Amino acid sequence: PAVAAAMRLGAVLGALRPALPLLLGLSLGCSLSLLRASWSHGAAEERCLAPGRPAPPAHGAPPEAAEGGPGPGPEDFRPRIVPYYRDPNKPYKKVLRTRYIQTELGFHERLFVAVLTSKATMNTLAVAVNKTVAHHFPRLLYFTGLRSAKVPHGMVLVAHGDERPIWLMYETMNYIYQHFGSDYDWFYIMQDDTYAQAEQVKALVTHLSINQDVYLGRAEEFIGGEEQARYCHGGFGYLLSRSLLLKLHPHLDSCRNEILSVRPDEWLGRCIIDFLGITCISQLQGQHYHTYELAKNTEPEKEEEEEFQAAIAVHPVSDMTLMYRLHKQFSRIQLDRAYREIQDLQMQIRNLTALTPAGEAGVTWPVGINAPFLPKSRFEVINWDYFTEQHLFSCPDGSPKCELSGAGKADVSEIIESALEQLNRRYQPLLRFSKRQLLNGYRRFDPTRGMEYTLDLLLEAVTQKGHSHVLAKRVSLVRPLSKVEIIPMPYVTEATRVQLVLPLTVQDLDYVANFLDMFAMNTLDTHDNALLTLLFVYHPYDAQRVGQVDVFAGVKAMVGELEKRYAEVKIPWISVKTEVPSQVKLMDIVSKKHPVDTLFFLASVWTEINMEFLNRCRMNTISNWQVFFPVHFQEFNPALVYHGEQTASSSTDFLRDGHFDRHSFAEACFYNSDYMTARTKLAADILDRDEVLESMEVFDVFLHYSSLHLFRAVEPGLVQKYTLRSCNPRLSEELYHRCVLSNLEGLASRSHLAMALFEQEQANST
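Just so you know, full-length UniProt numbering puts 505 at position 505 of the sequence shown, and the rest follows in order with no gaps.
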């Protein structure tokens, strides 16, 4: 029996042996947790307290509960929805918020650059700085001590009126603090005899923390001063952080009165050291401020030293020619560096792609550029445009063939030259290619990668021995999309008053009532800053009978009712007699009766005015910069779309049964001053041939006789009901053709028209 029991015990232990570590771990864990709980309880009971001092709260308990006060219970930590309540006795105040998020969050611009110049160098070195690197910096100003200095073209100059160097530096620091201290994080100060690599300076500030007091430049020792105290040499430029500028400004007056120095950079360095205890440094956070001192008679093209190529600032630059040569050399260095980086990246992409499941077949061409767009249906296929060296067979106006000119011709010539250059680079010295003829050319714009080209070239190939042979070769090229940049635009607000101009003819009388109702509801009732001027266009026959029968009497009565309902509103009207209601001639009359700073909105009687669009009209129209021509949404004919059924009015059906009418240029937003400027150029071009105006619209005036930006965009806020508009045959052929196309395309979509034809054929067959 003992042997049997021992065998059974061995079998049980053998079965439990794999679980033995788990059981031991659980036992040990439970024991340690019990011991810890007993220690914590004992420590809480035996806490030593000072006499008269209350015990601190237990871990995790709120102070009120520990002191016996009404501490929050578990219910107080549950989220509660607080309903919005507004006191009806208090007047409602609209919350005004900043237009840009960065303004509300207190973001600052990155870099401000100040260039110190003088009377002797303003028209030479300062101009060279402005032409080489100024456009690479986001904001650059020139500072001088001259009085009433004549400013060279394209430069923003601040004249302090005192040519003493120390005074110039003092006034410059004061000016920067007062005008830009709250807008920028970094301030770079340089002289006009300094060449600075703008891209390197911008890259430097992006790698530095803005929370430190930074005084960065080429550190120099004071003459006879302490070893540790150093100032930044002004000839090589120096960088100041915003926090340092804010701390330095209160001490500038003391520095001006107490510190004596001949050099302005030494004076500023001494001021920063004495009052802030900050010395100039040449490196920070792993970033080095590299400089290079030019020797006399230096040839920038022959400088191959690593110190020169890595320099952020070069000094001294003796003349304008040397400044331009330095800029050319550093631009070449940056370009070569960029090409090397591209080649390295392409090699890395090839190596890594070989390790992917797709293998080498997954490498797209060109390497590093996005793959071509793959359409999911036939409606997404991007069409190729066919061209030759003289003509384009896909024209913007819809014609089958048009002549290549301007930027289009330059684009084709550049692509052919680039193709020949690439072929010669690949096959030389064995073969040398020259172009005979462009047989076929195809191009398309792929939004995922850029402009793609396919060229069939007739080439003459010449061997090393002089033998020539003519052959045809197909090449493919891609002009990739470069880095997207935000174009700086002037700041505009929504407070500008909009002057609506509504031309009316006899054919428009049926739609005036709806226009005035929408205008009253969306602008007068909401107190929007908008006014209305009516332009009554009388036919000569109707103008002669205006004493007996006024065709616009009903409209004038409606205007009178509006003026009675809104006592503070006046709606003036202007009467015009003409057989051909040219948009330009009508606008000439209105323009003379309003101030030059008036913002016009040229409307049509089918337009339904709303506040959303008026705000976009204000924002998209910039005086002396941009005019806005919205593309309204035209609803289709409900008889064809709904077949007599009630139209859907839900928000989900908004902008569904209609199209954006790209043939209409009736609506426009522009400033009177811009129109007058363009109209003056037009008058000088046509002289006294007023009949030319009948073939033009306001859009044509701005397109051909102004240098403003023409912003043409779809506008979902302008929705027009379907109407069959009368096209005046007295207008030019182009305007009449545009009007007819607008009517035809506004009937219905292709599917609706096909269904209507199908139903008509079914009805005829039965």
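Ideal placement from N, C-alpha and C gives every residue a C-beta, glycine not left out.
Since the model is a prediction, treat every value here as computed from it, not as a measurement.
Within a Cβ cutoff of 7 Å, which residues of the same chain sit near residue i, ignoring the five residues on either side of it in sequence?
i           : result
residue 52  : Note that residue 52 scores 43 on pLDDT, short of 50, meaning its location in the model is unreliable; the coordinates nonetheless yield the value given after this. Result list for residue 52: empty, nothing under 7 Å.
residue 43  : Low local confidence applies: a pLDDT of 44 at residue 43 is under 50, so the model's placement there is unreliable, with the coordinate-based value given in what follows. There are no such residues.
residue 717 : 610, 612, 613 and 616
residue 177 : 245 and 249
residue 403 : 390 and 391
residue 690 : none
residue 61  : At residue 61, the pLDDT of 41 sits below 50, so the modelled position is not reliable; the number obtained from the coordinates is stated separately. Closer than 7 Å at Cβ, skipping near neighbours: no residue.
residue 381 : 375
Need the endpoints of the beta strand (DSSP E) that residue i sits in, please.
i           : result
residue 230 : 230–232
residue 669 : 668–671
residue 463 : 450–463
residue 158 : 157–159
residue 533 : 530–538
residue 799 : An answer regarding residue 799 cannot be provided, because it is not within the stretch 1 to 766 covered by the chain.
residue 186 : 184–191
Just reading off the alpha helix (DSSP H) that residue i is part of, what are its end residues?
i           : result
residue 735 : 733–745
residue 765 : 750–765
residue 619 : 611–620
residue 290 : From DSSP, residue 290 is part of no alpha helix (DSSP H); its letter is neither H nor E.
residue 340 : 320–353
residue 274 : 264–276
residue 768 : As shown, the chain starts at 1 and ends at 766. That puts residue 768 outside it, with no answer to give.
residue 165 : 165–180
residue 510 : 509–519
Near residue i, which residues of its chain fall below 8 Å by C-beta distance, leaving aside the five closest residues on each side in sequence?
i           : result
residue 551 : 506, 509, 538 and 542
residue 325 : 300 and 301
residue 726 : 507
residue 430 : 463 and 464
residue 526 : 611
residue 703 : 710
residue 652 : With a pLDDT of 41 at residue 652, under the threshold of 50, the modelled position of that residue is not reliable, and no figure is offered here.
residue 624 : 671, 673, 674 and 708
residue 17  : none
residue 765 : none
residue 676 : 591 and 596
Assuming residue i contacts residue j (C-beta within less than 8 Å), just tell me the rounded distance between them.
i           : j           : result
residue 583 : residue 698 : 6 Å
residue 588 : residue 679 : 7 Å
residue 239 : residue 186 : 6 Å
residue 497 : residue 599 : 7 Å
residue 218 : residue 236 : 4 Å
Could you work out which residue in the options is closest to residue i when comparing CA atoms only?
i           : options               : result
residue 580 : 640, 695, 524 and 313 : 695
residue 672 : 660, 622 and 704      : 622
residue 385 : 394, 675 and 192      : 394
residue 470 : 477, 484 and 434      : 434
residue 203 : 136, 130 and 298      : 136
residue 641 : 266, 722 and 518      : 722
residue 432 : 467, 453 and 415      : 467
residue 231 : 171, 693, 273 and 158 : 273
residue 534 : 564, 572 and 567      : 572
residue 318 : 747, 379, 503 and 295 : 295
residue 405 : 388, 417 and 398      : 388
residue 605 : 516, 661 and 683      : 516
residue 181 : 472, 111, 200 and 155 : 111
residue 532 : 634, 760, 639 and 502 : 502
residue 832 : 455, 306, 396 and 461 : With the chain covering only 1 through 766, there is no way to say anything about residue 832.
residue 147 : 139, 159 and 19       : 159
residue 106 : 155, 183, 475 and 256 : 183
residue 157 : 561, 196 and 126      : 126
residue 192 : 229, 25 and 144       : 144
residue 638 : 570, 739, 747 and 618 : 747
residue 268 : 288, 222 and 292      : 222
Ordered along the chain, which non-local residues of its own chain (more than five positions away) have a Cβ less than 6 Å from that of residue i?
i           : result
residue 310 : 290
residue 425 : none
residue 320 : 124 and 128
residue 373 : 446 and 448
Cβ of residue i versus every heavy atom of the ligand FAD: is any distance shorter than 6 Å?
i           : result
residue 296 : Absence of the ligand FAD from the depicted structure is noted, as is the absence of any ligand whatsoever, leaving it without description.
Can you confirm whether the stretch 621–633 touches the stretch 707–726 when touching is taken to mean that 3 or more C-beta pairs between the two stretches lie within less than 8 Å? yes
Between the stretch 252–266 and the stretch 156–174, do three or more beta carbon pairs fall short of 8 Å? yes
Are the stretch 360–370 and the stretch 476–485 in contact at 8 Å, needing three or more beta carbon pairs? yes
Report yes or no: do the stretch 410–429 and the stretch 440–459 share at least 3 C-beta pairs separated by less than 8 Å? yes
Decide yes or no for the touch test of the stretch 278–294 against the stretch 211–225: beta carbon pairs closer than 8 Å, at least 3 of them. yes
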